[in-house]
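Protein chains in written order, with this note's numbering: chain A, 232 to 645; chain B, 232 to 645.
Ideal Cβ positions, reconstructed from N, Cα and C, are used throughout, including at glycine.
Comments concern the structure below.
Protein chains: 2
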Amino acid sequence: MNAEIIAIGSELLTPFRQDTNSLFLTRRLNDLGVEVTCKTIVGDSLEDIRDVTRQALWRAGIVILTGGLGPTEDDLTREAVAAALGVELKRDPDLIARLYARFAARQVTMPPNNERQADLVGNATVLPNPAGTAPGQWIETVFEGHPRVVILLPGPPWELESLFESECFERLRKQAPPVFRGTRKLRVAMVPESACDARIAPIYKQYPDIQTTILANAGDIELHLRATAGSLEAAQARADELAGKLEDELDDCLYSNTGEPLEQIVGYFLQMRSATLATAESCTGGLLAQRITSVSGSSRYFLGGAVTYHNELKTLFAGVPPLMIQAHGAVSKEVAAAMAEGIRHDCNATIGVAITGIAGPNGGTPEKPVGLVYHALHDGIRTEVIEKKFPGDRARIRQWATQQALDMIRRHLM
Amino acid sequence: MNAEIIAIGSELLTPFRQDTNSLFLTRRLNDLGVEVTCKTIVGDSLEDIRDVTRQALWRAGIVILTGGLGPTEDDLTREAVAAALGVELKRDPDLIARLYARFAARQVTMPPNNERQADLVGNATVLPNPAGTAPGQWIETVFEGHPRVVILLPGPPWELESLFESECFERLRKQAPPVFRGTRKLRVAMVPESACDARIAPIYKQYPDIQTTILANAGDIELHLRATAGSLEAAQARADELAGKLEDELDDCLYSNTGEPLEQIVGYFLQMRSATLATAESCTGGLLAQRITSVSGSSRYFLGGAVTYHNELKTLFAGVPPLMIQAHGAVSKEVAAAMAEGIRHDCNATIGVAITGIAGPNGGTPEKPVGLVYHALHDGIRTEVIEKKFPGDRARIRQWATQQALDMIRRHLM
């Protein structure tokens with residue numbers, strides 16, 4: 232069974248905004264075994280909405296329209312869908328009463344144009360919207376001889392998502408022939424995308440029935456597996472089988488087989504070992520600490536650290552001897568190691584981690600080019616230093632560098 | 232004149248990827264006075280691409296298709312557009328020769344399927360693609376009695392953008408009736424979206440000819456103004472006039488009238504005053520330092536700072552007396568002030584800034600709920616503290632808090 236999504240709103244046709252509801256809807260439709268075969272974004276024009284709705288009805292069993300359900304003159308989805316289906320709008324007295332009650336409860340007089348939100352497309356079923364005034368609508372119809380489901384949903388994501396979960400998902404399950412999906416999400420650190428694909432393609436190509444999607448970011452790869460079978464157990468077993476072979480191949484480059492980000496995995500490992508962490512950052516300027524503390528509960532293992540942007544602070548906060556900086560330069564193996572040792576000592580942490588490098592776009596030299604980064608880890612006994620030359624712009628180099636540092640911690644604790 | 236954009240690729244119909252080329256194309260088309268009235272995302276299906284292309288040709292003078300120009304069997308844009316227009320594909324011998332030369336230059340034998348990239352839709356003009364093997368195509372045609380321009384562009388953004396700039400923009404300018412646009416981008420800190428709109432709506436509504444778009448993030452609002460007139464000067468003057476009135480109304484809440492982010496503006500101010508900055512962060516965990524150092528050249532004014540996540544580090548790095556933390560709690564006016572004073576003193580900076588708060592989702596109490604944040608600034612003489620209660624989740628609260636801290640620095644230096 233297939234679906235089309237139509238996002239309505241002239242603001243979605245500017246350079247500034249993008250439809251994101253369809254990502255959520257696609258994920259949930261896929262969970263039901265429904266494929267999204269086309270997405271359309273159209274402005275607040277009655278004719279345009281009507282026309283693209285008719286075209287979608289020709290092609291798809293399920294047509295979901297998002298947005299354009301509010302009370303203003305720009306909100307034309309109801310009228311346009313009624314025109315596309317050749318049915319009348321009916322103003323629902325119960326809905327009007329509910330709208331007035333909703334405003335009265337907030338001690339506000341309802342502007343009369345809000346009554347438009349009580350207009351139902353033909354014999355539509357009302358989908359109550361606890362998070363807003365515009366209800367959704369569920370329409371089962373026959374279009375040119377084909378059974379069709381048309382769903383109208385409000386545009387604000389928090390309204391759309393809760394309404395879809397509470398009112399649409401189970402109803403759609405009854406419409407869609409039972410298809411069972413098994414999914415897995417694996418994550419890999421510090422392997423280039425092409426190298427990763429070269430290693431795993433021979434494996435996943437033996438599973439042509441499983442959809443494998445590879446998403447690559449700076450030093451981070453997500454592998455999404457989606458298997459289909461006659462039962463949930465069979466589908467999940469199939470996805471698990473491929474996941475298992477990929478895990479064997481990727482070995483310790485794989486850091487998660489359930490999808491968590493690296494900073495979360497590092498947090499688990501630190502807690503498991505009852506270890507604490509302190510960081511000293513130069514070129515990443517706090518990004519490493521920020522990623523670690525983006526995890527709720529990170530105060531259980533992250534003590535804190537220093538952003539030693541200027542050389543004096545490398546000495547003040549991490550005890551790096553000024554003569555060492557003079558001799559080797561701030562971006563050097565030696566200084567990275569001293570920063571890790573110093574911050575660990577000062578903070579009294581189990582592990583100290585440090586980053587120093589050249590994020591660019593300026594400050595590079597032939598000997599020390601933009602992208603050169605040293606990462607160091609000290610555990611009280613040994614110091615490990617990794618030198619890397621990262622590609623990309625300032626933001627990407629900083630992201631790579633923090634990923635490398637997190638991966639060092641993970642491997643150290645493994 | 233209006234345009235439609237069709238993005239092609241089954242990966243754009245998954246929950247993981249989104250068409251972003253259309254944002255770039257919309258911005259450049261708008262610059263030419265061309266409005267985008269519909270966007271369609273469709274998979275690698277000959278019939279679907281053909282059908283949505285025909286529908287777009289009914290409605291729009293310019294139809295741009297992105298993606299599906301590669302050498303594989305999934306790349307069907309050429310075939311589908313030829314079918315939609317009812318013309319033949321012609322394999323261009325010059326293009327074949329260029330493809331072979333390109334591979335030969337890299338000392339690679341060209342797989343024969345690459346010849347498909349030399350197929351031209353009817354009498355299409357070739358748009359050379361220096362960044363990739365798939366050239367673009369420019370087709371001027373008459374569809375059902377209407378003159379139409381159809382443009383085929385490669386999917387990878389860096390190929391698409393450079394090819395559009397070098398081959399399409401000037402060609403389109405000749406097609407589009409001359410329309411002149413003046414634009415302005417204003418940015419506002421720490422004003423809620425509804426409050427901002429209440430202040431400026433009475434002003435921008437007096438300029439119905441100017442498109443005003445409001446984009447709100449945590450503590451940050453962007454106002455995009457776009458005026459249209461018979462000459463570039465008149466259009467820019469019109470946009471400037473509205474921008475001037477909005478600047479008067481927003482007064483010192485407006486931090487940029489050219490669109491730079493707040494961390495960049497703070498950098499300008501610090502450099503102008505020859506001032507240096509040090510930061511001490513608790514709940515934002517390095518996000519403030521990371522934002523400041525995301526600006527290239529920030530080492531000229533940012534010395535560094537501390538992420539004092541644990542209370543001991545508040546004492547170690549920022550000299551906060553342990554008894555003060557015991558008496559008032561780590562999230563308090565007093566500790567925020569002491570952190571700002573201490574980090575300024577330790578780093579020998581002109582200005583010290585500190586943040587301490589509860590980012591959640593755990594750790595809140597009735598007296599000190601999630602979202603409570605103290606921000607402090609010390610300049611060697613006076614200490615200023617701002618208490619705020621921010622809405623949203625952990626990430627949003629942290630973003631709000633760093634925005635507040637940056638705005639304190641800006642206002643202090645103003």
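Residues that residue 410 of chain B contacts on chain A, provided the C-beta gap is smaller than 9 angstroms: Within the second sequence, residue 410 of chain B is the residue found at index 179, counting from 1. The premise fails here: residue 410 of chain B is roughly 16 angstroms from chain A at the closest Cβ pair, so nothing lies under 9 angstroms.
Using only alpha-carbon positions, find the residue among A:593, A:247, A:606 and A:622 that is nearest to residue 640 of chain A. Working through the first sequence from its first residue, we reach residue 640 of chain A at position 409. The candidate whose alpha carbon is nearest that of residue 640 of chain A is A:606.
Can you list, in chain order, the residues of its chain with a C-beta nearer than 6 angstroms to that of residue 441 of chain B? Leave out the 5 residues immediately preceding and following it. Position 210 of the second sequence, counted from the start, is the residue given in the question as residue 441 of chain B. The residues are 456, 458 and 473.
Quick check: is the beta carbon of residue 627 of chain B nearer than 7 angstroms to any beta carbon in chain A? Taking the first residue of the second sequence as position 1, residue 627 of chain B is located at position 396. Chain A, which has no Cβ nearer than 7 angstroms to the Cβ of residue 627 of chain B, makes this no.
Count the other CB atoms within 10 Å of the CB of residue 233 of chain A; is the residue buried (16 or more) or exposed (fewer)? Start at 1 with the first residue of the first sequence, and residue 233 of chain A comes out as number 2. Residue 233 of chain A is exposed by the Cβ-count criterion.
Which chain A residues are close to residue 261 of chain B, counting only those with a beta carbon under 9 angstroms from its beta carbon? Within the second sequence, numbered from 1, the residue matching residue 261 of chain B stands at position 30. Going along chain A in sequence order, the residues near residue 261 of chain B (Cβ under 9 angstroms) are 245 and 246.
Only counting runs of 4 or more residues, tell me where the alpha helix (DSSP H) segments fall wholly within the segment 362–424 of chain B, in order along the chain. 388–394 and 400–406
Does the structure place the segment 417–432 of chain A close enough to the segment 477–492 of chain A that three or more beta carbon pairs sit under 8 angstroms? yes
Using the three-state DSSP reduction, which class does residue 253 of chain B fall into: helix, strand or coil? Position 22 of the second sequence, counted from the start, is the residue given in the question as residue 253 of chain B. Helix at residue 253 of chain B.
Beta-carbon within less than 6 angstroms of residue 609 of chain A's beta-carbon, same chain only, minus the 5 sequence neighbours each way: which residues are those? The residue you call residue 609 of chain A lines up with position 378 of the first sequence. So the qualifying residues of the chain are 571, 572, 575 and 583.
Per DSSP, which one or two residues make a beta bridge with residue 320 of chain A? Taking the first sequence and counting its residues from 1, the one referred to as residue 320 of chain A is at position 89. Answer by DSSP bridge pairing, in chain order: A:352.
Which residues in the same chain as residue 308 of chain A place their Cβ atom closer than 8 angstroms to its Cβ, once the five residues preceding and following it in sequence are excluded? Numbered from its first residue, the first sequence carries residue 308 of chain A at position 77. So the qualifying residues of the chain are 239, 280, 296, 298, 299, 300 and 383.
Taking 8 angstroms as the cut-off, does the segment 486–502 of chain B touch the segment 482–499 of chain A (at least 3 CB pairs, one atom from each stretch)? no
Straight-line Cα distance separating residue 560 of chain A from residue 566 of chain A: Here residue 566 of chain A refers to the residue found at position 335 of the first sequence. Here residue 560 of chain A refers to the residue found at position 329 of the first sequence. C-alpha separation (whole angstroms): 8 angstroms.
Taking just the CA atoms, how far does residue 237 of chain B sit from residue 387 of chain B? Residue numbering aside, residue 387 of chain B sits at position 156 when the second sequence is read from its first letter. Residue numbering aside, residue 237 of chain B sits at position 6 when the second sequence is read from its first letter. Residue 387 of chain B and residue 237 of chain B: Cα-Cα distance of roughly 14 angstroms.
Quick check on the burial criterion: 16 or more other C-beta atoms within 10 angstroms. Buried or exposed for residue 395 of chain A? The sequence position of residue 395 of chain A within the first sequence is 164, counting from 1. Residue 395 of chain A comes out buried.
With a cut-off of 8 angstroms on the beta carbons, I'd call residue 311 of chain B and residue 284 of chain B a contact; round off their distance for me. Here residue 311 of chain B refers to the residue found at position 80 of the second sequence. Here residue 284 of chain B refers to the residue found at position 53 of the second sequence. Their Cβ separation, rounded to whole angstroms, is 6 angstroms, which keeps residue 311 of chain B and residue 284 of chain B in contact under 8 angstroms.
Verify the CB distance criterion: does residue 258 of chain A have a CB-CB separation below 7 angstroms to chain B? The residue labelled residue 258 of chain A in the question sits at position 27 within the first sequence. So yes, residue 258 of chain A belongs to the interface.
In this structure, how does DSSP classify residue 616 of chain A when only helix, strand and coil are distinguished? Start at 1 with the first residue of the first sequence, and residue 616 of chain A comes out as number 385. Three-state DSSP puts residue 616 of chain A in a strand.
Min CB distance residue 351 of chain B to chain A below 7 angstroms: For the purposes of this step, residue 351 of chain B is taken as the residue at position 120 of the second sequence. Chain A, which has no Cβ nearer than 7 angstroms to the Cβ of residue 351 of chain B, makes this no.
For residue 606 of chain B, which residues does DSSP report across the bridge? Taking the second sequence and counting its residues from 1, the one referred to as residue 606 of chain B is at position 375. Partner(s): B:586 and B:617.
Flag residue 619 of chain B as yes if its beta-carbon sits less than 7 angstroms from any beta-carbon of chain A, otherwise no. Position 388 of the second sequence, counted from the start, is the residue given in the question as residue 619 of chain B. So no, residue 619 of chain B is outside the interface.
Who are the neighbours of residue 334 of chain B on chain A, taking C-beta pairs under 8 angstroms? Position 103 of the second sequence holds residue 334 of chain B. Those within 8 angstroms of residue 334 of chain B in chain A number zero; the least Cβ separation is about 18 angstroms.
Would you please verify whether the beta carbon of residue 374 of chain A is less than 7 angstroms from any beta carbon of chain B? Taking the first sequence and counting its residues from 1, the one referred to as residue 374 of chain A is at position 143. No, no contact with chain B.
What are the residues in the segment 567–580 of chain A lying within 9 angstroms of chain B by C-beta distance? 577, 578 and 579
Spell out whether any CB of chain B is found under 7 angstroms from the CB atom of residue 269 of chain A. One-based indexing of the first sequence puts residue 269 of chain A at position 38. At least one chain B Cβ lies under 7 angstroms of residue 269 of chain A.
Looking only at its own chain, which residues have a Cβ that is under 6 angstroms from the Cβ of residue 354 of chain A, when we skip the five neighbours before and after it? For this step, residue 354 of chain A is matched to residue 123 along the first sequence. Contacts found: none.
Just curious, the beta strand (DSSP E) that residue 499 of chain A is in, first and last residue? By 1-based counting over the first sequence, the position of residue 499 of chain A is 268. Taken as a continuous stretch (DSSP letters only), residue 499 of chain A belongs to no beta strand (DSSP E), being part of the alpha helix (DSSP H) at 493–503.
Chain-ordered residues of the segment 300–320 of chain B with a beta carbon less than 8 angstroms from chain A: none
Determine the extent of the alpha helix (DSSP H) in which residue 548 of chain A is found, giving its start and end residues. Numbered from its first residue, the first sequence carries residue 548 of chain A at position 317. Taken as a continuous stretch (DSSP letters only), the alpha helix (DSSP H) holding residue 548 of chain A covers 542–549.
Identify the contact partners of residue 524 of chain A in chain B, using a Cβ-Cβ distance below 7 angstroms as the criterion. Residue 524 of chain A sits at position 293 when you count from the first residue of the first sequence. Correct list: 516, 517 and 540.
Residue 313 of chain B: which of B:350, B:344 and B:342 sits nearest, CA to CA? The residue labelled residue 313 of chain B in the question sits at position 82 within the second sequence. Measuring from the Cα of residue 313 of chain B, the nearest candidate turns out to be B:350.
Within 10 Å of its beta-carbon, does residue 452 of chain B have 16 or more other beta-carbons around it, so buried, or fewer, so exposed? For the purposes of this step, residue 452 of chain B is taken as the residue at position 221 of the second sequence. Buried is the call here.
DSSP has residue 578 of chain B in a bridge; who is on the other side? Within the second sequence, numbered from 1, the residue matching residue 578 of chain B stands at position 347. According to DSSP, which records beta bridges pairwise, residue 578 of chain B is partnered with nothing at all.
Inter-residue Cα distance where the pair is residue 454 of chain A and residue 597 of chain B: Against the first sequence, residue 454 of chain A aligns to sequence position 223. Against the second sequence, residue 597 of chain B aligns to sequence position 366. So the alpha carbons of these two residues sit roughly 43 angstroms apart.
Does the segment 318–326 of chain A come close enough to the segment 400–414 of chain A that 3 or more CB-CB pairs lie under 8 angstroms? no
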